[in-house]
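Using the UniProt record's numbering, the letters of the sequence shown map in sequence onto residues 1 to 337. Reading through the structure tokens given below for one structure.
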Amino acid sequence: MTIKRWIAIIVAAALVFVSIGINSLSYIFTRDFNGFFEDMMATSSSGYEEAIIEEGTGKDKIAVLSLDGVIQDLGDTSSLFQSAGYNHQYFMNQLSEILEDTNVKGVVLEVNSPGGGVVESADIYDALRMIQVEREIPLYVSMGGMAASGGYYVSAPADKIFVNRETITGSIGVIMESVNYAKLAEKYGIDFNTIKTGPYKDIMSGSREMKDEERVMLQEMINDSYERFVDIIEEGRGMTEAEVKKVADGRIMNGRQAIEAGLADEFGKAGDVIAAMKEDYNLQDATVFEYTSLDSWTSILGVKAGNMFGGNIESELIGKLLNDYNAPRMMYLYGEK
Numbered sequence: 001m002t003i004k005r006w007i008a009i010i011v012a013a014a015l016v017f018v019s020i021g022i023n024s025l026s027y028i029f030t031r032d033f034n035g036f037f038e039d040m041m042a043t044s045s046s047g048y049e050e051a052i053i054e055e056g057t058g059k060d061k062i063a064v065l066s067l068d069g070v071i072q073d074l075g076d077t078s079s080l081f082q083s084a085g086y087n088h089q090y091f092m093n094q095l096s097e098i099l100e101d102t103n104v105k106g107v108v109l110e111v112n113s114p115g116g117g118v119v120e121s122a123d124i125y126d127a128l129r130m131i132q133v134e135r136e137i138p139l140y141v142s143m144g145g146m147a148a149s150g151g152y153y154v155s156a157p158a159d160k161i162f163v164n165r166e167t168i169t170g171s172i173g174v175i176m177e178s179v180n181y182a183k184l185a186e187k188y189g190i191d192f193n194t195i196k197t198g199p200y201k202d203i204m205s206g207s208r209e210m211k212d213e214e215r216v217m218l219q220e221m222i223n224d225s226y227e228r229f230v231d232i233i234e235e236g237r238g239m240t241e242a243e244v245k246k247v248a249d250g251r252i253m254n255g256r257q258a259i260e261a262g263l264a265d266e267f268g269k270a271g272d273v274i275a276a277m278k279e280d281y282n283l284q285d286a287t288v289f290e291y292t293s294l295d296s297w298t299s300i301l302g303v304k305a306g307n308m309f310g311g312n313i314e315s316e317l318i319g320k321l322l323n324d325y326n327a328p329r330m331m332y333l334y335g336e337k
């Protein structure tokens with residue numbers, strides 16, 4: 001990068017820190033100190049605090065969770081040069097909080113996701129089912145612009161699924177892909193020296209063509225994950241295997257089509273879903289809240305810097321270099337990885 005570019009980055013970073021400092025001081029000095037420290041003591045043990053969406057009059061609470069983005073566990077990849085996105089561990093921690101909080105009487109899950117990893121999707125599904133079984137509280141899903149593939153997988157156990165007319169959902173299935181650049185490499189005279197312990201150690205390698213027996217092996221894995229997906233929808237939606245597989249061919253659908261196929265229940269946005277849960281379960285006096293992290297310094301920096309350097313070539317390259325190597329893997333995912 002040029003000196004001018006480095007100076008711009010340093011100045012921008014300084015402005016971020018100054019902005020955070022001013023906002024923090026303003027927050028502290030405009031609040032009642034006793035209340036401030038009481039709140040800190042009440043929430044510091046869990047690492048989360050509850051941001052009130054709708055104030056209630058009793059102890060009952062409705063938790064609103066937001067699942068936004070590709071469902072994948074990237075580990076601790078937060079940095080100054082990355083924008084905020086889905087954080088798998090952060091989301092799983094919220095589900096653990098709900099499991100332990102006996103005052104939570106209902107969960108509204110807002111889903112806006114094209115899906116993601118099969119393992120991460122299963123993590124969320126298992127945690128939601130545990131909440132339903134052990135806590136015996138309702139789970140409603142509010143689908144946003146997209147709740148496809150893994151986004152539908154985690155929605156399937158809900159007591160009710162609400163969609164917008166323009167919601168993109170469905171894409172029920174599993175995908176696994178890699179790039180084969182063997183012919184391109186051959187064109188430019190690039191050779192690959194591979195030393196391996198077995199004939200399939202480099203399965204799905206981009207440097208050679210896939211063998212027929214390898215394709216059979218991978219297809220068997222894909223089919224197993226697909227059947228689990230179908231079983232989950234059968235159980236969650238009360239549908240037969242034939243009814244599920246009629247639409248579980250990877251197709252996407254809008255909200256109307258999802259309702260007609262039995263994959264969703266009603267039209268409604270997030271506010272409608274909360275109101276419906278209150279009405280259905282006599283929770284009119286419940287406080288509606290969402291979790292926020294007390295350890296927000298990294299996330300604030302990520303959002304600020306992501307906005308400043310969004311689309312910047314240098315920041316994108318740095319982000320790619322900081323990410324771990326991703327081998328081909330099975331995904332409940334609609335669209336490109």
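Note that the Cβ used here is the ideal one computed from N, Cα and C, for glycine as well.
Please classify residue i as buried or exposed, where buried requires at least 16 other C-beta atoms within 10 Å of its C-beta.
| i | result |
| --- | --- |
| N23 | Caution is warranted here: a pLDDT of 49 is assigned to N23, below 50, making its placement in the model unreliable, and the coordinate value is therefore given only provisionally. So N23 ends up on the exposed side. |
| A87 | Strictly speaking, residue 87 in this sequence is Asn, with Ala absent from that position. Answer is buried; the Cβ neighbour count reaches 16. |
| P199 | exposed |
| K278 | buried |
| E50 | buried |
| Q72 | buried |
| D123 | buried |
| V216 | exposed |
| K61 | buried |
| F81 | Model confidence at F81 stands at a pLDDT of 39, short of 50, so the residue's coordinates are unreliable and nothing is read from them. |
| V133 | exposed |
| Y188 | exposed |
| T167 | buried |
| R237 | buried |
| M221 | exposed |
| Q94 | buried |
| G271 | exposed |
| G58 | exposed |
| I98 | buried |
| G145 | exposed |
Go to residue i, then tell me how far its beta strand (DSSP E) extends in each direction, as first and last residue.
| i | result |
| --- | --- |
| L65 | 61-68 |
| L333 | 331-333 |
Could you spell out where the alpha helix (DSSP H) holding residue i opens and where it closes?
| i | result |
| --- | --- |
| G170 | It is not in any alpha helix (DSSP H) - G170 instead sits in the beta strand (DSSP E) that spans 168-170. |
| K105 | From DSSP, K105 is part of no alpha helix (DSSP H) but of the beta strand (DSSP E) over 104-113. |
| G150 | 150-153 |
| V216 | 212-237 |
| V118 | 118-130 |
| L95 | 88-100 |
| Q257 | 255-260 |
| V179 | No alpha helix (DSSP H) contains V179, which DSSP labels as neither H nor E. |
| A248 | That residue, A248, is in no alpha helix (DSSP H); it is neither H nor E in DSSP. |
Could you give the C-beta distance for residue i and residue j, rounded to a whole number, given that I count them as a contact under 8 Å?
| i | j | result |
| --- | --- | --- |
| F91 | L74 | About 12 Å; that fails the 8 Å criterion. |
| I172 | S149 | 7 Å |
| M331 | G117 | 6 Å |
| E243 | V64 | About 31 Å; that fails the 8 Å criterion. |
| G255 | M239 | About 18 Å; that fails the 8 Å criterion. |
| Y334 | P157 | Not quite, the Cβ-Cβ distance comes to about 20 Å (not below 8 Å), so this is no contact. |
| A147 | V119 | A147 to V119, Cβ: 19 Å. No contact. |
| V174 | F229 | 7 Å |
| S121 | P328 | Not a contact, Cβ separation roughly 17 Å. |
Could you please give me the residues that DSSP links to residue i through a beta bridge?
| i | result |
| --- | --- |
| S205 | Answer is none; S205 lacks a bridge partner. |
| S142 | E110, F162 |
| A276 | Partner(s): none; A276 has no beta bridge. |
| I52 | F289 |
| A147 | S113, T169 |
| E186 | The partner list for E186 (beta bridge, DSSP) is empty, contrary to what the question assumes. |
| residue 340 | Shown here, the chain extends from 1 to 337; a query on residue 340 therefore has no answer. |
| F192 | Partner(s): none; F192 has no beta bridge. |
| E266 | F162 |
Is residue i a contact residue of the ligand NAD, with contact defined as CB to any heavy atom under 6 Å?
| i | result |
| --- | --- |
| T292 | Looking at this structure, you won't find the ligand NAD or any other ligand, since it has none at all. |
Contact between the segment 130-145 and the segment 103-113 (3+ Cβ pairs under 8 Å)
Yes, the segment 130-145 is in contact with the segment 103-113.
Inter-stretch contact (C-beta, 8 Å, three-pair minimum) for the segment 208-215 and the segment 179-188
The count of Cβ pairs closer than 8 Å, one atom from the segment 208-215 and one from the segment 179-188, reaches three, so the stretches are in contact.
Given 8 Å, three or more beta-carbon pairs between the segment 161-175 and the segment 127-136
With a cut-off of 8 Å, the segment 127-136 and the segment 161-175 do not count as touching, because too few Cβ pairs lie within range.
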